[in-house]
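*Asks:* In the numbering used here, the protein residues as written are 1 to 195.
Cβ coordinates follow ideal geometry from the N, Cα and C atoms, glycine included.
Here's a structure for you.
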Amino acid sequence: MLNERYPKLNRTDKRLESNIFALDIFTDSKMKEDDLKILGVIKNKRTYKYIAEKYIDKEKTNLFNYKVLLPKSNGSGTLGEVVSTPLIGTPLIGTPLIGYTRTFIGIGDFKTKSEADATLKYIKSKFARVMLGVLKVTQDNNPGKWKFVPLQDFTASSDIDWTKSIPEIDQQLYKKYGLSEEEIDFIETHVKEMD
1 MLNERYPKLN RTDKRLESNI FALDIFTDSK MKEDDLKILG VIKNKRTYKY
51 IAEKYIDKEK TNLFNYKVLL PKSNGSGTLG EVVSTPLIGT PLIGTPLIGY
101 TRTFIGIGDF KTKSEADATL KYIKSKFARV MLGVLKVTQD NNPGKWKFVP
151 LQDFTASSDI DWTKSIPEID QQLYKKYGLS EEEIDFIETH VKEMD
């Protein structure tokens, strides 16, 4: 494990630091079949590096399943903003056996890609982004900022039809949570669409 080879890393939090790609145990290409692909950032651009599986503590992670990855820091905190920079880009689906550094937060631990697709649509919805905006008033996008974003069922048995377009999903969410015309108008005029 990393803690054995690099004793200064000995701590209870096992997440990969944002600057971990500086260690010589990462490579630009896969060297062995069981090497793991890790998403991080170098010089403000998303970058993938590879590391031998033996260095990664795989317990209590979403490494083996689908997840949605978002930058831990983005934008300015303006309600409904859409940020697209080389560092941020847009949220993306992390497939099984892809890890990520602390520069990102992972949402979900899904067995199926369809659940991750539904989650991605939800995160891009105006409804979810305005609920996130209640607490996200700076660049910081840590998990605590998502407190008021309601949890959803992303399976096929959900009360939301995730096969629909994001604007149609927003309409379903407005109805589900009983938003007034005034509230819907506010969201529709203050929150930009996300691709």
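Less than 7 Å between C-beta atoms, sequence neighbours within five positions excluded: which residues of the same chain meet that for residue 155?
*Replies:* Excluding its 5 nearest sequence neighbours in each direction, residue 155 has C-beta neighbours in its own chain below 7 Å: 115, listed in chain order.
*Asks:* Report the three-state DSSP secondary structure of residue 86 (helix, strand or coil).
*Replies:* Low confidence applies to residue 86: its pLDDT is 42, below 50, so where it sits in the model is not reliable enough to give any reading.
*Asks:* As a quick exercise: from 54, 160 and 134, pick the residue whose alpha carbon is nearest that of residue 149.
*Replies:* Minimum Cα distance to residue 149 is reached at 134.
*Asks:* Which residues share a DSSP beta bridge with residue 46?
*Replies:* 41
*Asks:* Are at least three pairs of beta-carbons, each pair with one atom in the region 98-112 and one in the region 124-133, less than 8 Å apart?
*Replies:* Cβ pair count under 8 Å is below three, so no.
*Asks:* Report the rounded CA-to-CA distance for residue 68 versus residue 138, giving the unit in angstroms.
*Replies:* 21 Å
*Asks:* Whole angstroms are fine: how far does the CA of residue 28 sit from the CA of residue 49?
*Replies:* Taking the straight line joining both Cα atoms gives about 5 Å.
*Asks:* Suppose you measure from the CA of residue 172 to the CA of residue 141; what does that come to, to the nearest Å?
*Replies:* Residue 172 and residue 141 have their alpha carbons spaced roughly 26 Å apart.
*Asks:* Nearest-angstrom Cα distance between residue 93 and residue 185?
*Replies:* 30 Å
*Asks:* Tell me which residue opens and which closes the alpha helix (DSSP H) that residue 173 is part of.
*Replies:* 166-176
*Asks:* Going by C-alpha distance, which of 120, 34 and 99 is nearest residue 61?
*Replies:* 99
*Asks:* Residues in the same chain with beta-carbon distance under 7 Å from residue 73, minus the five sequence neighbours each way, listed in chain order, please.
*Replies:* 139, 140 and 141
*Asks:* Is the Cβ-Cβ distance between residue 101 and residue 17 less than 8 Å?
*Replies:* The answer is yes: Cβ separation under 8 Å.
*Asks:* Mapping the DSSP letters down to three states, classify residue 144 as helix, strand or coil.
*Replies:* helix
*Asks:* Determine, using beta carbons only, whether residue 36 and residue 56 come nearer to each other than 8 Å.
*Replies:* yes
*Asks:* Which of the three DSSP states, helix, strand or coil, is assigned to residue 16?
*Replies:* strand
*Asks:* Comparing the C-beta of residue 45 with each C-beta of chain C, is any distance below 8 Å?
*Replies:* No chain C appears in the structure shown, which is made up of a single protein chain.
*Asks:* Which class does residue 127 belong to by DSSP, given the choice of helix, strand or coil?
*Replies:* helix
*Asks:* Which of helix, strand or coil does DSSP assign to residue 104?
*Replies:* strand
*Asks:* Rounded to a whole number of angstroms, what is the C-alpha to C-alpha distance between residue 144 and residue 136?
*Replies:* 9 Å
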